[in-house]
Amino acid sequence: MDQNQDIFEDSNKSPSNPVEIEDIGINLDDERLRFPIKTLISSVLLFLVGSSLLIAGLIEEFVEDDKSKGMAMWIIGAITFIPGFFYTYLFIKAYRAKTPRERMRILNEIPDM
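Under numbering that gives the first Met the number 0, residues 0 to 112 are what the sequence shown spells out, in order.
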């Protein structure tokens, strides 16, 4: 019985002591903790440009007689849309993360510029 009481006293979870915050290993002075604004702007810009080129390519495909212009816009649009969508999705996922640890894990997947 004394051993169980010693464990309870050492756990710092008694009603008289406040609950300790878990150390998640984040150094607030770390250079990586700054939010990558340039990467966010670039990914949103790539997403918007890619979407615009895909739509313009679709319109060119059906309106113009020369199908090569539409196909070129589709290819360039896909090249810009895919990474723009992926990193924009990661930023939204990081924004909606429930814990700081999850947010930092997601933001560490995004490259710095």
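Beta carbons: idealized from backbone N, C-alpha and C, even for Gly.
Residue i vs residue j beta-carbon contact at 8 Å
| i | j | result |
| --- | --- | --- |
| residue 48 | residue 79 | yes |
| residue 103 | residue 37 | no |
Minimum C-alpha distance to residue i - residue among the options
| i | options | result |
| --- | --- | --- |
| residue 84 | 35, 37, 36, 41 | 41 |
| residue 57 | 65, 110, 70 | 70 |
| residue 50 | 87, 67, 109, 107 | 87 |
Close Cβ partners of residue i (< 7 Å) along its chain, the five nearest in sequence each way excluded
| i | result |
| --- | --- |
| residue 105 | 89, 92, 93, 96 |
Own chain, CB closer than 8 Å to residue i, minus 5 neighbours either side, in chain order
| i | result |
| --- | --- |
| residue 53 | 72, 73, 76, 77, 80 |
| residue 82 | 42, 45 |
Secondary structure of residue i, DSSP reduced to three states
| i | result |
| --- | --- |
| residue 98 | coil |
| residue 60 | helix |
| residue 34 | coil |
| residue 110 | coil |
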